[in-house]
Amino acid sequence: MNPVASPPALTLSTLPSNILLKILKLVADSPIPIWHRVPPFPIQFSHISHRIRELTLASPEIWTTIRLSHRTRFWKWAPLFLERSQAQLLDISVNLEAYMSLRQSADGPLWSSGTFTGYTSYSALRPLPIAKALVVIGPHIERWRSLALRCTLGQLEALCSYIKDSALSAVNLEVLHISVIEEEYSHNMQFLKIPSLTDLLAGGVVRSLRIDSGLELQRLSGFRTLSLHLDLVYSPQHSIALRSILGPSSPLQSLIIRRLSFQQGAYFGAPFNACNLTTLAVSFRDYDFGILTQTFNLPNLERLELIHAFSGSDLESESLTLPQEWEAPVFPRLRTLRLVDLELSSTNLAFIQSFSQTATELQLIRVSAAHHILHPICRDHGWPVLFSMTIETHYRDPYPEWLIPFLSARASTRDRKIVKLTVSPHLQSDTLTSACSDCNIELRPLLDGSSPSLYQNSQQSCFFYDEDDLLNLDFEWTESHRRAPVNDDRDLEWEDPYPFPLHADILAYEINLGDDEEEKDGDVAEAFKHGREWRTTKGALREAKREMRRERKLARIVARRRLDCKDDFYVL
1 MNPVASPPAL
11 TLSTLPSNIL
21 LKILKLVADS
31 PIPIWHRVPP
41 FPIQFSHISH
51 RIRELTLASP
61 EIWTTIRLSH
71 RTRFWKWAPL
81 FLERSQAQLL
91 DISVNLEAYM
101 SLRQSADGPL
111 WSSGTFTGYT
121 SYSALRPLPI
131 AKALVVIGPH
141 IERWRSLALR
151 CTLGQLEALC
161 SYIKDSALSA
171 VNLEVLHISV
181 IEEEYSHNMQ
191 FLKIPSLTDL
201 LAGGVVRSLR
211 IDSGLELQRL
221 SGFRTLSLHL
231 DLVYSPQHSI
241 ALRSILGPSS
251 PLQSLIIRRL
261 SFQQGAYFGA
271 PFNACNLTTL
281 AVSFRDYDFG
291 ILTQTFNLPN
301 LERLELIHAF
311 SGSDLESESL
321 TLPQEWEAPV
331 FPRLRTLRLV
341 DLELSSTNLA
351 FIQSFSQTAT
361 ELQLIRVSAA
371 HHILHPICRD
381 HGWPVLFSMT
391 IETHYRDPYP
401 EWLIPFLSAR
411 ASTRDRKIVK
421 LTVSPHLQSD
431 TLTSACSDCN
441 IELRPLLDGS
451 SPSLYQNSQQ
461 SCFFYDEDDL
471 LNLDFEWTES
481 HRRAPVNDDR
491 DLEWEDPYPF
501 PLHADILAYE
511 INLGDDEEEK
521 DGDVAEAFKH
531 GREWRTTKGA
541 LREAKREMRR
551 ERKLARIVAR
561 RRLDCKDDFY
571 VL
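Counting in full-length UniProt numbering, the sequence shown runs from 1 upward without gaps.
Quick look at the structure:
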């Protein structure tokens, strides 16, 4: 009997074009390492074979992602991408952080070989290139689909002025992310007066707006969007603007507020009535979400995420009573509750349960002191319709000993039984598997990293990375923040092992290398336009490229990398 012949293995030569095209698009849109300064992926991949080159050149959707920053090599490649993308909509990222002033205070000291030589700034070494970026992407403003801009306040004003004076408008803009860099080196974030975005947003149907800075909400009072992501320190002056954004006539469906803080003495008045809001994620600066239910009236809220917060002091079990809100939940349609980096107590857990009685899904992400869930009142009265749970912990955290008793207690009451449990892989054990089997609970490992969060899903594009590597930073890969071991109950960031004087020297060296490499890239980009001429120019450029790589390796140290991958999009 002849054995059944196995199908031939798929290779790049035999893979169907439609599947290969999807793979190419996925990789082309993915973040790239900041130190990997080779030509952009579509350029590299188009020279693997004649078939792939023909496919990439005939597929304009491969060329729609443009990243402009000091670390990427798009300044000279961008015109080629704009040409080959034809009429396709563009996803554009402009990160100008590496071009801003480098100083420790208003005027930073410049050092050379350990000797103080005066004061200078980054801008003295190289002009801020907002005008250069606008020359590249400005004529194609009607094709902008998403724009991520990290710049200074003055550069943002220049962008708004350019668009105001332009005969074109961003009619196809759907996603806008703006991060304003502090022009003075300071750990105290001051309110920044964001220029009016009316001209930038007037023509588009923007689904998602993210602004990562302190801002004057009055600038957004007339704005309409489906998803809004902002930093907010509430004050009485913000009341009118915030009510305009969250009012009954607002189409806003998704709201993400980072570092929410209510200044002492702020007058709230009537709760903000956001009838159309279905998803809300809030991180708290003051670690107190007790004011949340007094501030927002969200009758149609379906998903709520609370990040880094606690409320009130812990009370002994004998003193715990049911909150009044328990009988009349303020979020009557809430289905999914996600708690992230919270320290629970019997008090704040009872408070959380009081406004989430309708929740059917509970996600506990790095939540400490979760054993309070076994408190008789919290266990027997909280979340009566809950049937799905997700438990995520760090692999070094203690095992949640409360989990199996909680599941067994819920299983003893048929109408309060947990049906599905998803846990981090390191939490799986024979004991937990056996307990889930006895309680007829479907146990699933969380194999794809962290469970989906509103921070991820609301963006609908890959822009930012946060501290947990959950999001992308304007299309570029960036390292997560490394923190030192806990010492004296303080969680301090690792100190930079390289002093500031070295930063200045490395900075100037990097800029010179970047200029040289941009020159070479310009020659290569010009050669690409002539097709086969690339083969003749490649040999002539090879030695120059190798020499620059050898020089660049001398400066590839931690201090240099930190300058360009610093991430100011903090969750907290």
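Where is the CB? At the ideal position from N, CA and C, for every residue including glycine.
Quick check: does the Cβ of residue i come within less than 8 Å of any heavy atom belonging to the ligand HEM?
i, result
"L432", "This structure does not include the ligand HEM; it has no bound ligands of any sort."
What three-state label does DSSP hand residue i in the structure shown?
i, result
"H294", "It is Gln, not His, that sits at residue 294 in the sequence shown. If DSSP states are grouped into helix, strand and coil, Q294 belongs with the helices."
"F45", "helix"
"Q155", "helix"
"Q363", "strand"
"S434", "helix"
"N276", "coil"
"S356", "coil"
"T56", "helix"
"I137", "helix"
"E547", "helix"
"V340", "strand"
"V180", "strand"
"R210", "strand"
"H375", "coil"
"S105", "Only weak support exists for where S105 lies, its pLDDT of 31 falling under 50; the value from the coordinates is given anyway. S105: coil per DSSP, three-state reduction."
"S250", "coil"
"I19", "helix"
"R416", "helix"
"V330", "coil"
"C160", "helix"
"P7", "coil"
"D397", "coil"
"V27", "helix"
"H348", "The question names His, but residue 348 in the sequence shown is Asn. Three-state DSSP puts N348 in a helix."
"L407", "helix"
"L12", "coil"
"R335", "coil"
"A131", "helix"
"L242", "helix"
"L168", "coil"
"S123", "Low per-residue confidence applies at S123: pLDDT is 40, beneath 50, and the placement is therefore not dependable, though the value from the model is reported in the following sentence. Helix."
Looking only at C-alpha atoms, which of the options sits nearest to residue i?
i, options, result
"F41", "L57, L24 and R51", "L24"
"L226", "L277, R243, F272 and S346", "L277"
"R84", "D91, T64, R73 and L337", "T64"
"Q345", "V385, T14 and S368", "Gln is not the amino acid found at residue 345; the sequence shown has Ser there. For the residues V385, T14 and S368, the minimum Cα distance to S345 belongs to S368."
"T347", "H371, R333, I256 and R67", "H371"
"I391", "L432, D380 and S412", "L432"
"L407", "W383, C439, L298 and Y399", "C439"
"A167", "A158, S146 and P139", "P139"
"Q88", "W75, S59, A98 and P39", "S59"
"R51", "R73, P445, L15 and I373", "L15"
"T422", "S412, E343, R414 and F387", "F387"
"P39", "N18, F81, K22 and L21", "F81"
"Q155", "A133, Q294, N172 and L173", "A133"
"R150", "L301, R53, S49 and V94", "V94"
"S17", "L242, T56 and W402", "T56"
"I441", "I130, T393, D430 and A411", "A411"
"residue 643", "Q44, R53 and T279", "Absent from the model: residue 643. The displayed extent of the chain is 1 to 572, so no value can be given."
"R243", "A148, L209 and F296", "F296"
"residue 589", "Q86, R53 and Y99", "Since the first residue shown for the chain is 1 and the last is 572, residue 589 is missing from the structure and cannot be characterised."
"W402", "R258, P376 and L334", "P376"
Residue i and residue j look like a contact to me (Cβ under 8 Å); what is the Cβ gap, rounded to whole Å?
i, j, result
"D341", "R366", "5 Å"
"W144", "L96", "That pair is no contact at about 17 Å."
"A270", "L252", "Not quite, the Cβ-Cβ distance comes to about 18 Å (not below 8 Å), so this is no contact."
"V175", "S146", "4 Å"
"residue 582", "L246", "As displayed, the chain neither begins before 1 nor continues past 572, which places residue 582 out of reach and without an answer."
"A350", "C378", "6 Å"
"L339", "Q363", "7 Å"
"P425", "P445", "5 Å"
"I66", "A78", "5 Å"
"L280", "L301", "6 Å"
With DSSP as the reference, please indicate the residues paired to residue i in a beta bridge.
i, result
"S146", "D91 and V175"
"T422", "T390 and R444"
"A281", "I256 and E305"
"I66", "I92"
"H229", "R210 and I256"
"S368", "E343"
Using beta carbons (cut-off 9 Å, strictly below), is residue i in contact with chain D?
i, result
"A87", "Among the chains in the structure shown there is no chain D, since it carries only a single protein chain."
Report the residue ranges of all beta strand (DSSP E) runs contained in full by the segment 72 to 102; include only those spanning at least 3 residues, in chain order. 90 to 95
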